[in-house]
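Let me begin by presenting the structure, written as structure tokens, before commenting on it.
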Amino acid sequence: MIAYIIRRILYSIPIIIGVNLLTTMLFFYVNTPDDMARRILG
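Here the sequence shown stands for residues 22 to 63, numbered as in the working numbering.
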């Protein structure tokens, strides 16, 4: 049972990293950092 839990946790790590990379890429595809700074400054 412990081996199953460890295996599930190890399998979830690349999935979490992939989801984070995908959302970051989509966020920066829509808004560039330069665009965000201009929007904040007015």
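Ideal Cβ placement from N, Cα and C applies to all residues, glycine included.
1. Which of the three DSSP states, helix, strand or coil, is assigned to N41?
2. Starting from M57 and walking both ways along the alpha helix (DSSP H), at which residues does that stretch end?
3. Give the secondary structure of M22 by DSSP, where H, G and I count as helix, E and B as strand, and everything else as coil.
4. Look at the alpha carbon of M22 and the alpha carbon of R29, and state the distance between them as a whole number of angstroms.
Working from what's here:
1. Three-state result, N41: helix.
2. M57: member of the alpha helix (DSSP H) spanning P54 to L62, first to last residue.
3. Coil, per DSSP.
4. Near 11 Å, if we compare the C-alpha coordinates of R29 and M22.
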